[in-house]
């Protein structure tokens, strides 16, 4: 049956500006007439001359409105001359899997339907993100072009009558405007699984998890009803032979089972409790779209994301992939604890500090200068793809454990004894009123960038903090020389301690203020103390300087990590 496209008159919707990880809004916003169609059309238009006849990947984390959005993308892609879509069965593809598929099949890009770690369901959030041909998040030049198009759109092209079954794996051929249009429904796990097999020693990991061993290494993985469920089942249960009780919440649900799919100590409290009250040796949780991870040891020993990437960096030679490629360089986002900096010195490789947003790592990877990177927001990854990757991080940790025959806690303690410990915590104040939050940040910036702020001493709980430097962080990309401004307010102290304040751009409403605190203790110092106790005086200094409680009315953070 031949199909013809039509042009549908539309109107501009304000605020369709993609953030660091695409456009995230409440589901009800996306459900407005023409809203989703507008944004998809602008993504396709921004691709430019490469659009005609190209192949794109499409998939998401299974959240509410995902299948409806896939249907819209199919209709609009067909009308705009896209040659082929690769869509995950049921509309499911993890964010790392999309990056894998784009790179493996050399696609023009991919559209990912996710709001990452934000809650799902009809009363919560949805999101659309575009990844380019390197497999990574679209750079500022592309997202700015998309936004500009959204401010002037007058109509979009669509094939209203075209429908495609996304529940059945197979190839679907259509004739649209006299040309062939192909939609291939693929297994969401196959390509990603094959990539993991090429990176890690699966027989060695299978031996570690062998339930018939005298003392099997017991793991507990929590997918939080997000997209990683099918990946966890295939990789850890089917391929590596972990017992069935090694995985929980592995069925993707549109509302994530009513939970908040953010893998931290607050929202994955059920995992924490399970490890505290059982004999599991290792635990991990993943976010909605599968790019974030939280690592726990026996009795819920918590590994900060800042320590996690540093420890993996110090043990990369336990992973076959890096034995072949070598280590080109390491990096972290600016707010992330500086533990990996010291590992870079030991390895004698380049170190980079970049703004928050995985696209900044991607430029360095594409240039062959970066192998491993991480963000304090529970993101860890390498140059095998151009996204952070939760499943990869767990396989990497299990590889270190298999090679050292040590517990998670012992591996961390050994690391601190060698490099010292970067005590780190993040306080999130979620859903604050936007106006006072912005005012707080403006007043704080004015205060810390005043010429007299450097050298100021702050006393708290018998500790003295002397300001060595302070600024609003700016980054010049060493590859394309682009400049990223206003990336966070930094206060650096002479002791090596840091305070950082940022307004998050990943929520769909209100504002989230993030306060980051870091204090360094050398190997000869107290490296096994309670992090919250160590950091409490520094955090109080931060609250006093920012007057956060006065501006927001908040006496306690929503989440502490």
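Numbering (the working numbering), first residue to last: 48 to 608. Cβ coordinates follow ideal geometry from the N, Cα and C atoms, glycine included. Fair warning: this is a prediction, and the values are worked out from it, not measured in the lab.
From the listed residues 346, 371, 276 and 385, the smallest Cα separation to residue 358 is found for 385. Annotation for residue 585: 544, 564 and 566 place their beta carbon closer than 6 Å to its own, counting only its chain and skipping 5 residues before and after. At a Cβ-Cβ threshold of 8 Å, residue 454 and residue 332 do not count as neighbours. A check of alpha carbon separations from residue 248 across 582, 447 and 470 identifies 447 as the nearest. Residue burial is scored here from C-beta neighbours: residue 549 has at least 16 other C-beta atoms within 10 angstroms and is therefore classed as buried. Assignment of residue 592 by DSSP, reduced to helix, strand and coil, places it in the helix class.
The Cβ atoms of residue 301 and residue 111 lie closer than 8 Å to each other. Bridge pairing for residue 526: absent [DSSP]. Within its own chain, the residues whose Cβ lies closer than 7 Å to the Cβ of residue 382, once the five positions on either side in sequence are excluded, are 403, 423, 535, 547, 549 and 563, listed in chain order.
The way I'd put it, the region 334-354 doesn't touch the region 362-376; fewer than three beta-carbon pairs between them come closer than 8 Å.
Under the 10 Å beta carbon count, residue 530 is surrounded by fewer than 16 other beta carbons and is classified as exposed. Residue burial annotation: residue 48 is exposed, with fewer than 16 other C-beta atoms found within 10 angstroms of its C-beta.
For residue 350 and residue 470, the gap between their C-alpha atoms comes out near 11 Å.
In this structure, DSSP gives residue 451 a helical state, which the three-state scheme calls helix. Contact annotation: residue 274 and residue 336 have beta-carbon atoms nearer than 8 Å. In this structure, DSSP gives residue 154 a state outside helix and strand, which the three-state scheme calls coil. Within the region 153-233, the runs of beta strand (DSSP E) that reach at least 3 residues and sit entirely inside it are, in chain order, 156-160, 172-178, 202-205, 217-223 and 226-233. Residue 481 and residue 495 do not touch by the CB rule: their CB atoms are close to 21 Å apart, not below 8 Å.
In the structure shown, the three-state DSSP call for residue 332 is strand. The C-alpha of residue 601 lies about 24 Å from the C-alpha of residue 308. A distance below 8 Å separates the beta carbons of residue 270 and residue 297. Spanning the alpha carbons of residue 592 and residue 514 requires a straight line of approximately 12 Å.
DSSP, read as helix, strand or coil, puts residue 462 in helix. Taking every protein chain shown into account, the CB of residue 484 has 16 or more other CB atoms within 10 angstroms, so this residue is buried. Taking 8 Å as the cut-off, the beta carbon of residue 109 is found closer than this to the beta carbon of residue 139. Residue 254 and residue 282 have their C-alpha atoms spaced approximately 14 Å apart. Every alpha helix (DSSP H) of 4 residues or more that sits fully in the region 79-111 is shown, in chain order, as 82-94. No Cβ-Cβ contact shorter than 8 Å links residue 279 with residue 134.
Taking the Cα positions, residue 468 is about 48 Å away from residue 60. Rounded to the nearest angstrom, the gap between the Cα atoms of residue 177 and residue 505 is 45 Å. Scanning its chain for C-beta atoms nearer than 7 Å, with the 5 sequence neighbours on each side dropped, one finds around residue 70 the residues 63, 86, 174 and 175, in chain order.
For the region 349-419, the continuous alpha helix (DSSP H) assignments of 4+ residues that do not extend past its boundaries occur at 352-361, 367-372, 386-394 and 406-413, in sequence order.
Judged by DSSP secondary structure, residue 246 falls within the alpha helix (DSSP H) whose first and last residues are 237-246. For residue 568 and residue 542, the gap between their C-alpha atoms comes out near 9 Å. When rounded, the separation of the alpha-carbon atoms in residue 268 and residue 294 is 5 Å. Residue range 468-479 is occupied by the beta strand (DSSP E) that includes residue 477.
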